[in-house]
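Structure first, commentary second.
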Amino acid sequence: MCGIAGVLRAEGRAADPTVLVAMRRALDHRGPDQAGALVDGPLAMAAARLSLVDLTDAGAQPFADDDAALTFNGEIYNHRSLAAALAAEGVAFRGHSDTEVLFHALGRWGVEATLPRLRGMFAFAYADRRHGTVWLVRDRLGIKPLVWTEHGGDIAWASEAKALAPVRALAVDPVQAVFAVTGRIERSAHLSAFTDVRRLPAGHLAKLQPGHPVTPRPWWRLVDDVDEDAHRGLGALGPEAQADRLLTLLDEATAATSSGDADLATFVSGGVDSALLAALAPERSQALYNADVGGDRSERTAAEEVAAHLGRPLAVAPFPSGALLDDWALATWHAEAPVVTHVNALPFRRLAATARADGVKAALTGEGADELFYGYGQAAAGGLARVATAPVDAVRRAVTRLPGPLGAALARRTTSQADFLVDLAGGFASRHLADEAAEAFSFLPPSEARRHGEVLVWLGDHLPTLLHRNDAMGMAAGLEARFPYLDEDVVAFGINLPVQAKVAVGRRLGDRRHPFLVDKAVVRAAAGRCLPPTIARREKLGFPVHGHDRIRTTRAFWAEGYVVDLLGLPTSAVDHLVEGADPYLAAKLASVEVFGRLFAHGDDVDTVTAHVRSAARCTDQ
């Protein structure tokens, strides 16, 4: 709901108010309703507020008294119950914002004791003004962003990297720029696309002290939700009871995430995840919006079916074919990374802008359902793939047990050199998470432990790309995305629910990617309680958009550009990019070029957009 920024200077040096104002202005798109700043010796904190709970000045930020100060981005959905607990301890409130509740909770209970009590999404900076320290904290799943940097002994933080530029010039990290074509930087928990700018990982906190290095540490981990008793208890329930449990949890989560004092909506694709949320949405968030990408990838008809069933009007945000080139630079500017993994970020930004123009400040979305309940084709079909490859895997395991160099020579490498380098650039994060997840489910047989642990990998390694897309593109328009499927109880339910409840055997052909298997079975069963079968059973499309597959570049696109300079490409290499390389991969590299022109060359969005329009085109097929 906001953009936050701040600086803690070393050696007692006074913070510069003009630098702080420049940092905040870089975030004004995130919080158009109120701007505030606090400078206290070496400490400086600023916020640009998007007001959703308590629209009065009582919720203005920074929220401060003589002892402490808070800047906060997000929503604490259980702030009313926390306020009641604080009031019982004698705390008096001047308003009803969740910011004020969080401020008093941190002051009264302490940072580390407060965090487990919070339900919601948040990134905040809490300053102890008496001792000159600052806590940086990020929510469990990393829904809200927070980056930081150290420079000349000073520590600076912000919701977006561009807000750190007044403190230190942003320098593109060349390694991450190259590997961005794989989407690695979009998935990274701690790296940004800029040298010496770090993300505070999800579920982490850091205590900042002048003259001390920043050492983030976890206050919550995904594996903390793995519970053997909960797993066995959910497994003992029948499919109907499991669906009932999920429906109850989602109903409560949808009500919680629809709380606030500003207008809300629900973004619907026509798929089962968002349709179920729309069906459960309370009165104040029943406005429906859909992004129409046109052509054979449009989901507008499916969204219209949802709206018709629910008896609600549907507002549509068109995304015509030429919009890809029009919006490429602007979306990259807000993403602060090459747009590679999710080109649908571009229509998402237009969708958010359309809703914001109608006065909507927040929208429910279906993010998280696929990760929790096996909604991705390759994940749902994983069991079949294991059966098909079992004989080969058995031979491979036997071969590797042969003595001496013979076994090593005959064993096939399971990781290519390219995959190894991508993993290396990401610090082997996904592999470490997979091992950690399997260990957490070690009460199951090894093959089952790996299968159940895949959910944690999807949550930790893929979900962040979607959360970043929704936050960056939504806040570009001053709109906040909310995620009922990522409610704490829904996440714990999804992590511990047996795979057999998520991927069921069906009697119909169903999804061609995994015939006779029903992905997200428990979600579809829950949706069947309130939606017709055509919606509850609809095949996942995943917000398809004509993107990199349609882009073609010319030699002029690369001339005197970032990629040519970074890689030292000769003319023959540029010729190959234009005429010989796989167009889809070349277009991914073109996303790096757009990013480099903006953040390395310093061209503005309009200049890069004009360059893209003149030197690239979208094909019809």
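In my numbering, the protein residues as written are 9 to 629. Beta carbons are placed, not taken as given, at the ideal position from N, Cα and C, and that holds for glycine.
Per DSSP, the unbroken beta strand (DSSP E) holding A624 starts and ends at 624-626. At the C-beta level, A534 and L255 come within 7 Å of one another. C-alpha of A509 to C-alpha of A251: approximately 9 Å in a straight line.
Here P540 is not bridged, per DSSP, to any residue. A Cβ-Cβ separation of about 4 Å places M481 in contact with R357 under the 8 Å criterion. With a minimum length of 4 residues, the unbroken runs of alpha helix (DSSP H) contained wholly in the stretch 271-311 fall at 280-288. Straight across, the Cα-Cα distance linking D204 with E496 is about 32 Å. Contact check between the stretch 136-146 and the stretch 580-595: fewer than three CB pairs, one atom from each, fall below 8 Å, which does not count as touching. The continuous stretches of beta strand (DSSP E) do not include A509, and DSSP gives it neither H nor E. DSSP lists G14, L46 as the bridge partner or partners of M53. When only Cα atoms are considered, F491 and L452 end up about 30 Å apart. By the criterion of a C-beta distance shorter than 8 Å, Q69 is surrounded in its chain by C10, I12, Q42, G44, A55, R57, L78, T79, F80, T107, once the five residues flanking it on both sides are discounted. Its Cα nearest to that of T562, the residue G588 stands out among V15, K152, G588. In the displayed model, W156 falls within a strand according to three-state DSSP. Taking each of P454, S455, G150 in turn and checking the Cα distance to D469, the smallest one comes out for G150. Residue environment: Q425 is assigned as exposed (fewer than 16 neighbouring CB atoms within 10 Å of its CB, all protein chains considered). Judged by beta-carbon spacing, A485 lies beyond the 7 Å limit of R292, meaning their Cβ atoms are not closer than that value. Counting the other Cβ atoms within 10 Å of the Cβ of G67 gives 16 or more, which makes it buried. The Cβ-Cβ distance between L372 and L285 falls below 7 Å.
Non-local C-beta neighbours of L429 in its own chain, meaning closer than 8 Å and more than five positions away in sequence, comprise F187, ordered along the chain.
The alpha-carbon of T362 is positioned some 40 Å away from that of A445. A distance below 7 Å separates the beta carbons of F551 and N352. For V507, the closest alpha carbon among the candidates V530, Y493, A489 is that of V530. Positions of the alpha helix (DSSP H) runs, each at least 4 residues long and wholly inside the stretch 302-359, are given as 308-318, 331-343 in order along the chain. Closest in alpha carbon position to A323, among S329, A311, A270, is A311. A169 sits close to E344, with the two beta carbons spaced by under 7 Å. Separation of the CB atoms of S282 and G374 is rounded to 4 Å, and the pair is thereby assigned contact status at 8 Å. By the Cβ-count criterion, Y592 is exposed, with fewer than 16 other Cβ atoms from all chains shown falling within 10 Å of its own Cβ. Taking 7 Å as the cut-off, the Cβ atoms of P355 and F603 do not count as close. Here the alpha carbon of A339 sits roughly 9 Å from the alpha carbon of V613. Under the three-state reduction of DSSP output, L577 falls in the coil class, being neither helix nor strand. Taking the Cα positions, P247 is about 10 Å away from R253. If you compare the alpha carbons of A263, S267, L245, A316 with that of G278, the shortest gap goes to A316. When only Cα atoms are considered, A166 and A34 end up about 10 Å apart.
In this structure T64 is exposed. Its beta-carbon is surrounded by fewer than 16 other beta-carbon atoms within 10 angstroms.
Cβ contact annotation for T122 (same chain, cutoff 6 Å, sequence separation greater than five): A113, L114, in chain order.
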